[in-house]
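Undergrad: Here it is, the structure, as structure tokens.
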Amino acid sequence: MASWQWFHRLGSPKWLSGTIDRWLPWVLSAGTLLLIISVVWGLAFTPPDYKQGNSFRIIYIHVPTAVVALAAYYVMAIAGAVSIIWRMKVADMALRAIAPVGAALTFLALITGAIWGKPTWGAYWIWQDARLTSMLILFFLYLGIMALHDAYQDSASGNRAAAIMSLVGTVNIPIIYKSVDWWSSLHQPASLKFTEESTIATEMLQPLLLAIPGAYLFFIAAVMLQLRVQIARSEKNTQWMAERSGL
Amino acid sequence: MSIESSNINVQPHDDPTRSGLTLDSICCERGDRLLIQDLSLHIADGQGVRIEGPNGSGKTTLLRVIAGLSQQYDGQVRWNGEDIRQNASSLATECLYIGHLAGVKALLTPLENLSWWLSLHIPSAKPISQEVQLQALQSVGLDRFADTPCHQLSAGQQRRIALARLYLSEHRLWVLDEPFTAIDAAGVVLLEQRIAEHLAQGGMAIVTTHQAMNIAGFTSHSLSVMSANGAIS
Amino acid sequence: MSIESSNINVQPHDDPTRSGLTLDSICCERGDRLLIQDLSLHIADGQGVRIEGPNGSGKTTLLRVIAGLSQQYDGQVRWNGEDIRQNASSLATECLYIGHLAGVKALLTPLENLSWWLSLHIPSAKPISQEVQLQALQSVGLDRFADTPCHQLSAGQQRRIALARLYLSEHRLWVLDEPFTAIDAAGVVLLEQRIAEHLAQGGMAIVTTHQAMNIAGFTSHSLSVMSANGAIS
Amino acid sequence: MSTIHRDEHAPIFAAFNALLLRDLRVYFRYRGTWLNPLVFVLMVITLFTLGIGPDPSALSNHAAGIIWVVALLGIMLSLDALFRADYDDGSLEQLLLSPQPLYLSVLAKILAHWFITGLPIVLASPLYSLMLGIPFSAVPALAVGLLFGSGILSFIGAIGAALTVSLRSGGLLIALLTLPLYVPAIIFGSQFVESAIEGWPLMPTFSMLLGLLIGAMVLSPLAIIGGLRLSQDV
Amino acid sequence: MSTIHRDEHAPIFAAFNALLLRDLRVYFRYRGTWLNPLVFVLMVITLFTLGIGPDPSALSNHAAGIIWVVALLGIMLSLDALFRADYDDGSLEQLLLSPQPLYLSVLAKILAHWFITGLPIVLASPLYSLMLGIPFSAVPALAVGLLFGSGILSFIGAIGAALTVSLRSGGLLIALLTLPLYVPAIIFGSQFVESAIEGWPLMPTFSMLLGLLIGAMVLSPLAIIGGLRLSQDV
Ligand code: HEM
Ligand SMILES: Nc1ncnc2c1ncn2[C@@H]1O[C@H](COP(=O)(O)OP(=O)(O)OP(=O)(O)O)[C@@H](O)[C@H]1O
Ligand SMILES: Nc1ncnc2c1ncn2[C@@H]1O[C@H](COP(=O)(O)OP(=O)(O)OP(=O)(O)O)[C@@H](O)[C@H]1O
Ligand SMILES: [Mg+2]
Ligand SMILES: [Mg+2]
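Chains as they are written, first to last, in numbering that gives the first Met the number 0: chain F, 0 to 246; chain A, 0 to 232; chain X, 0 to 232; chain W, 0 to 233; chain B, 0 to 233.
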């Protein structure tokens, strides 16, 4: 029983609200710090690429946002599953909170990728590229879930509909990962490998290895901020919320 | 905005396994308004309850909760002592619901409409023959229209197709939301007879209607809006 | 299959230019059945007619012919002596029709629904202010719901939006098909009062309903199916 | 468009405005609905590129044609709802019985529909050109062409919508009825864009498009009114 | 399919059959309705050839992709009506309240829908190949691919239809929700046909299509049931 306590606590908006208040400053500042360090390191102290010159530096935004945008979908789908199985209020809030953040990250990855594409591939956008198109599809998935949420007047139904849709959408995740193998693609296959030697030069890799956790932390902070809004909205009539805002 | 609620046939907490339908402190909120507050009642075999209340007082909301269509409520609905949230299928096999919408396909004929409904709701091993179905249609005065597409029928005739189900139903509980809508005076009398017959055979019924209704064995339960504003002022 | 029809307020042929509504030997056939045979009647200022008949006897069909929605009939409908086939607009400006369907947009609020309807049907140079519209909604008990999307309202409340038009209407002729459907008892009383008021002010009304109705100044006219089979047998 | 505006001396336009406003409200009531046709167009283009596979030149060569066909589909997809909702809830009866000129009422409904389908598709022209590699210099022509074209498509599609409103046979009958009528618009429309891309003279096709639009605007309401009246006698 | 067949010992399949029969009857009641999606597909292909202009090779190069996208659109166009009619007339309530397994009821409805949309599109494969210049030897592969693909599309589209049935926001939200999910089917489907045209091995894409179909058939009813139950609480 005791081992489940954390799970039940997680279901309580009050507990969650307290936790967010405690952790948000730390997560936010750590994420920002890591990002700043890695970007400054990447932009100023890394040697230019022998083929791409300086344009490769956008990697320090592009790769972290792309990686986190994908991971965000998993987290969202897990929240959806929890919401459907245990009907947990907090899971619904999490789903609602993650969708716009994930959509924004996906959008950023798309934009930075497109900007990077111009000097390297000679075009902002290449339709036939699988990675690019599948990322666009991820963007549409996020948008669809947000639209479904909004379309329902009744928030309980909207939450449930969005949870179902987020689970259904997970089928696309393997496609997005596998697309590079299935299609001919101009885009990099995964080059960060933990098992073998990485194909990126170490000097370029090191700031990237800082930027990715930085982006994760930043994502968590953004979701926490969104969650706060969700909690305030759905718990506005409860006593603890009244006390909290009274304080 | 709050709702008064009176308990009839009370003592729902006595014997949770007893047969029939038990509502246990049902609360319903819709659009930030509390419609039904702490409603408890029990319906046993042979009993009928008429839910009364002005327009917008929550009758349909309550009936949809009882039938298992709506999940947004607090409290318990028990069928033979079992929470319908735990065991929906036991109620489903024994409950007949006719709501504001008739559930009649406009492009099909009355006979076809009756037939698909029967296959879904009366899954007996022995199929119900077409003659029996025609008899039910005759009971509601539609035998001559058995093969006319429903969208060519009048409002009352379309509603009668849904009501023909009452003449074939073997369900113990009938949940009828405004069954007399669009039905002419002679039709209302015959329907009342049919409902009385059902109760006499040990069935149960929950009915809403704004019209006068006289059926033996019925008690009334009113959902009245406190700031009585639902009526045309 | 044939229809009996009795003439009340007869002599429709006397004075073709007289004011009010005149039906002159109306015959309607629908789906190979003769529904209305040779129906003639006249309604003058301050008169109300209730069209009676079992389900499927042709009441709605007749009302749609009178309102000018249906073109499939023989005979003449005259408004102030003029055939409405020749001059549809003179009737259109003076006639209010509320049918089985309410003509209410589910996504809009009651106030918005009333407002578009008014612009189409009461094209006075002086626009009807929002306060007046709210008053009409209050008359049907919907003032608290003036800004709630209609699909969140109950069946009776949605119907009341259509009926709110009666409180703003300046039309001389009201054609009301089952206006009391889904309306609670208190609401029916108030509607009856409103119709009586309309007649007292010199208006005309044609109404169908299966419920009891008592309004002064109303005569009944029955469309009864000869082989009385429309009733639940 | 935010408040009901009634001109003291023109109750006729009051009705026109009220209907326009009503329909726009219905369309906008759920956030995002009005974006749907546009999103649909963007998605279909995406899908086409996926289906057609790795051959970038094929797309840009036929960009004008693809955009036109897809825009047409987006508009047509949403045409089913133009009168059917009114038919189902009885407000079409009230429209037909109104003493106001039906011609204007029909125009108001079509205009409202165009605002939420045609207009966003027109405004997104720069996006298509980006997606399909159309030169930026051709964007104004693309937008003007789509402006006229989407108008023509709305009017013609409305005829199909009116004629089928009482038949419960689904929206595809509209496609069947109206696609043949769309052909001239499609031909001139994509020619117009092609001319802009290639630098050919624009006036001949422009005047054809303008003529088609005016013709459709003047004539189609007559057919639409006929279709709507018919729907009451089924 | 002409009379209701009830197996004495299987009332469950009696319900399945009754629902299948009911929906087919509704679809067929107006002559020609079932032809609509097919005619739509043929017309859009015709329009594409018009819009793309006098360049026959451009089309045949991308024939597989074009057919797939257009078939998808035809099916999606008609999906809006899959549950909405039932929702509007109250028969969805009766379906949800039935003691019969909803899983089978949903399957029956999708199957009926596929019979009048997917199947005619599959059967017309020889026609497309004629129109778009696909070699006749590839027709069987085209038909098999469309057979699987249209099934997948029906199941996935039904999810979108179920989730939006109570929202009066038009059929385009379905497109927004389901088009991203269609992508794998489109990719493998058009790859399959291309492999057939080019004479590449068929098994890899075939097994992917089969897997997708089985996955969609098994899993999508779960999401659909969730969506339908949801629709009653709005
Ligand atoms: C709009 C265009 C682009 C999009 C949508 C896009 C998308 C993505 C995505 C989704 C990832 C994450 C993959 C993963 O987590 O496994 C990624 C990683 C990456 N992208 Fe892009 N990309 C684009 C353009 C580019 C360009 C132009 C380049 C450089 C030539 C590039 C280089 C990379 C690299 C090096 C990675 C890291 C790969 C890894 O180690 O996993 N991308 N991109
Ligand atoms: N989804 C919803 N969102 C918001 N409010 C709702 C919703 N559903 C119902 N309501 C409100 O609940 C109230 C009760 O509705 P209900 O349909 O139960 O009334 P009713 O008693 O059946 O009325 P009637 O006699 O008119 O049929 C109405 O005022 C309605 O506005
Ligand atoms: N388009 C049509 N085609 C064939 N028959 C029709 C059509 N319209 C109406 N009918 C028939 O005409 C008869 C009368 O219909 P109508 O709607 O006028 O009846 P009503 O008196 O209003 O009945 P209710 O009391 O049920 O509203 C019905 O039996 C109906 O079947
Ligand atoms: Mg009700
Ligand atoms: Mg009637």
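The beta carbon of each residue, even a glycine, is placed where N, CA and C say it ideally should be. A quick note: this is a predicted structure, and the numbers were derived from the prediction, not measured.
1. Let me confirm a value: Met202 (chain W) is counted as buried when at least 16 other C-beta atoms fall within 10 Å, else exposed. Which label applies?
2. Taking C-alpha atoms, which residue in A:Asp82, A:Tyr96, A:Arg17 and A:Gln71 lies nearest to Ile205 (chain A)?
3. Within 10 Å of its beta-carbon, does Ala195 (chain W) have 16 or more other beta-carbons around it, so buried, or fewer, so exposed?
4. Regarding Ser189 (chain W) and ligand 4, is the C-beta to nearest heavy atom distance less than 7 Å?
5. When you check each C-beta in the stretch 176 to 188 of chain X against every C-beta of chain A, which residues fall closer than 7 Å?
6. Going by DSSP, which residues form a beta bridge with Phe135 (chain B)?
7. Leaving out the 5 sequence neighbours to the left and right, which residues in its chain are closer than 7 Å to Ala142 (chain B) when beta-carbon positions are compared?
8. Any contact of the stretch 175 to 187 of chain A with the stretch 205 to 224 of chain X, i.e. 3+ C-beta pairs under 8 Å?
9. For Phe147 (chain W), name the three-state secondary structure that DSSP assigns.
10. Which chain B residues are close to Thr92 (chain A), counting only those with a beta carbon under 8 Å from its beta carbon?
11. Looking only at its own chain, which residues have a Cβ that is under 6 Å from the Cβ of Asn79 (chain X), when we skip the five neighbours before and after it?
12. Would you call Ser165 (chain W) buried or exposed, if buried means 16 or more other Cβ atoms sit within 10 Å of its Cβ?
13. Please confirm whether any heavy atom of ligand 4 lies closer than 7 Å to the CB of Ala154 (chain X).
14. Rounded to whole angstroms, what's the CA-CA distance from Arg193 (chain X) to Gly225 (chain B)? Just pull it up for me.
15. Going along the chain, which residues of its own chain have a beta-carbon closer than 6 Å to the beta-carbon of Ala263 (chain W), five neighbours each way excluded?
16. Is the distance from the Cβ of Val170 (chain F) to the Cβ of Leu180 (chain B) below 8 Å?
17. Using C-beta distances below 6 Å, list every residue in its chain close to Ile133 (chain B), excluding the 5 sequence neighbours before and after it, in chain order.
18. Within the continuous beta strand (DSSP E) that includes Val174 (chain X), where are the two ends?
19. Quick one: does the C-beta of Val188 (chain A) sit closer than 7 Å to a heavy atom of ligand 3?
20. Which residues in chain B have a C-beta closer than 8 Å to the C-beta of Asp153 (chain F)? List them in chain order.
21. Within 10 angstroms of the Cβ of Pro200 (chain W), are there 16 or more other Cβ atoms? Answer buried if so, exposed if not.
22. For Val102 (chain W), which residues of its own chain have a beta-carbon under 6 Å away from its beta-carbon, when the five flanking residues on both sides are left out?
23. Is there a Cβ from chain B that is less than 8 Å from the Cβ of Leu39 (chain W)?
24. In the stretch 71 to 127 of chain F, which residue ranges form an unbroken alpha helix (DSSP H) of at least 4 residues, counting only runs that do not cross its ends?
25. So who's on the other strand from Glu81 (chain A), going by DSSP bridges?
26. In chain order, what residues of the same chain lie with their CB nearer than 6 Å to the CB of His148 (chain F), ignoring the 5 residues before and after it?
27. Using 7 Å as the cut-off, classify the Cβ of His209 (chain A) as near or not near the heavy atoms of ligand 4, replying yes or no.
28. Grouping DSSP H, G and I as helix and E and B as strand, with all else coil, what is Glu234 (chain F)?
29. Taking a contact to mean a Cβ-Cβ separation below 8 Å, would you say Val131 (chain A) touches Arg159 (chain A) in this structure?
30. Comparing the CB of Ser56 (chain X) with every heavy atom of ligand 3, is any distance shorter than 7 Å?
31. With DSSP as the reference, label Tyr102 (chain B) as helix, strand or coil.
32. Report yes or no: do the stretch 97 to 112 of chain A and the stretch 85 to 101 of chain B share at least 3 C-beta pairs separated by less than 8 Å?
33. In angstroms, rounded to a whole number, what distance separates the CA positions of Val174 (chain A) and Ala66 (chain A)?
34. Is Met0 (chain B) close to chain A, meaning its C-beta is less than 8 Å from at least one C-beta of that chain?
35. Between the stretch 27 to 46 of chain F and the stretch 215 to 225 of chain F, do at least 3 Cβ pairs fall closer than 8 Å?
36. By Cβ distance, which residues of its chain are closer than 8 Å to Gly47 (chain X), with the 5 residues on each side in sequence left out?
TA: Concretely, from the data shown:
1. Here residue 202 (chain W) corresponds to residue number 203 of the fourth sequence, with the count starting at 1. The residue is exposed, with fewer than 16 neighbouring Cβ atoms inside 10 Å.
2. Taking the second sequence and counting its residues from 1, one reaches residue 205 (chain A) at position 206. Of A:Asp82, A:Tyr96, A:Arg17 and A:Gln71, the residue nearest in Cα terms is A:Tyr96.
3. Stepping through the fourth sequence from its first residue, residue 195 (chain W) is reached at position 196. Buried, since its Cβ has 16 or more Cβ neighbours within 10 Å.
4. Position 190 of the fourth sequence, counted from the start, is the residue given in the question as residue 189 (chain W). Because no heavy atom of ligand 4 lies under 7 Å away, the Cβ of Ser189 (chain W) does not count as near it: no.
5. Contact residues of the stretch 176 to 188 of chain X toward chain A are Glu177, Thr180, Ala181, Ile182, Asp183, Ala184, Ala185 and Gly186 (C-beta to C-beta distance below 7 Å).
6. Within the fifth sequence, the letter at position 136 stands for residue 135 (chain B). Per the DSSP secondary-structure output, Phe135 (chain B) pairs with nothing in a beta bridge.
7. Taking the fifth sequence and counting its residues from 1, the one referred to as residue 142 (chain B) is at position 143. Hits under 7 Å: Val121 and Ser124.
8. yes
9. For the purposes of this step, residue 147 (chain W) is identified with residue 148 of the fourth sequence, where counting begins at 1. Helix, per DSSP.
10. Taking the first residue of the second sequence as position 1, residue 92 (chain A) is located at position 93. Going along chain B in sequence order, the residues near Thr92 (chain A) (Cβ under 8 Å) are Pro98.
11. To locate residue 79 (chain X), count along the third sequence from 1; it is residue 80. The answer, listed in chain order, is Ser18.
12. To locate residue 165 (chain W), count along the fourth sequence from 1; it is residue 166. Classification for Ser165 (chain W): buried.
13. Position 155 of the third sequence holds residue 154 (chain X). Yes, the Cβ of Ala154 (chain X) comes within 7 Å of a heavy atom of ligand 4.
14. Reading the third sequence from its first residue, position 194 is the one you call residue 193 (chain X). Reading the fifth sequence from its first residue, position 226 is the one you call residue 225 (chain B). About 47 Å.
15. Chain W is shown from 0 up to 233; residue 263 (chain W) falls before or after that span and cannot be answered.
16. The count along the first sequence starts at 1 and reaches residue 170 (chain F) at position 171. The count along the fifth sequence starts at 1 and reaches residue 180 (chain B) at position 181. Yes; because the gap between Cβ atoms is below 8 Å, this pair is in contact.
17. Here residue 133 (chain B) corresponds to residue number 134 of the fifth sequence, with the count starting at 1. Taken in chain order, the residues that qualify are Ala62.
18. For the purposes of this step, residue 174 (chain X) is taken as residue 175 along the third sequence, with counting starting at 1. Taken as a continuous stretch (DSSP letters only), the beta strand (DSSP E) holding Val174 (chain X) covers Leu172 to Asp176.
19. The residue you call residue 188 (chain A) lines up with position 189 of the second sequence. For ligand 3, not one heavy atom lies less than 7 Å from the Cβ of Val188 (chain A).
20. Locating residue 153 (chain F) in the first sequence gives position 154, counting from the first residue. Those within 8 Å of Asp153 (chain F) in chain B are Asp232 and Val233.
21. The sequence position of residue 200 (chain W) within the fourth sequence is 201, counting from 1. So Pro200 (chain W) counts as exposed.
22. As a working mapping, residue 102 (chain W) is identified with position 103 in the fourth sequence. The question names Val, yet the displayed sequence has Tyr at residue 102 (chain W). Pro220, listed in sequence order.
23. In the fourth sequence, counting from the first residue as 1, residue 39 (chain W) sits at position 40. What sits at residue 39 (chain W) in the sequence shown is Phe, not Leu. At least one chain B Cβ lies under 8 Å of Phe39 (chain W).
24. 88 to 120
25. Along the second sequence, one-based indexing puts residue 81 (chain A) at 82. Answer is A:Trp78, bridged to Glu81 (chain A).
26. In the first sequence, the residue the question calls residue 148 (chain F) occupies position 149. Hits under 6 Å: Gly157 and Ala161.
27. The sequence position of residue 209 (chain A) within the second sequence is 210, counting from 1. Checking every heavy atom of ligand 4 against the Cβ of His209 (chain A), none is found closer than 7 Å.
28. By one-based count along the first sequence, residue 234 (chain F) stands at place 235. Residue state, collapsed to three classes: coil.
29. Taking the second sequence and counting its residues from 1, one reaches residue 131 (chain A) at position 132. Taking the second sequence and counting its residues from 1, one reaches residue 159 (chain A) at position 160. No. Outside cutoff.
30. Reading the third sequence from its first residue, position 57 is the one you call residue 56 (chain X). Flag set: Cβ of Ser56 (chain X) near ligand 3.
31. To locate residue 102 (chain B), count along the fifth sequence from 1; it is residue 103. Here Tyr102 (chain B) sits in helix by DSSP.
32. yes
33. If you number the second sequence from 1, residue 174 (chain A) lands on position 175. If you number the second sequence from 1, residue 66 (chain A) lands on position 67. About 7 Å.
34. If you number the fifth sequence from 1, residue 0 (chain B) lands on position 1. Confidence at Met0 (chain B) is low in this model, with a pLDDT of 38, below 50, so its placement is unreliable and the value that follows should be read with caution. Judged by the 8 Å Cβ criterion, Met0 (chain B) is not in contact with chain A.
35. Three or more beta-carbon pairs drawn from the stretch 27 to 46 of chain F and the stretch 215 to 225 of chain F are found closer than 8 Å, and the two stretches are therefore classed as touching.
36. Position 48 of the third sequence, counting from 1, holds the residue named residue 47 (chain X). The beta carbon of Gly47 (chain X) sits closer than 8 Å to the beta carbons of Ile194, Leu198, Met203, Ala204, Ile205, Val206, Ile214, Gly216, Phe217 and Thr218 from its chain, once the five residues preceding and following it are set aside; these are given in chain order.
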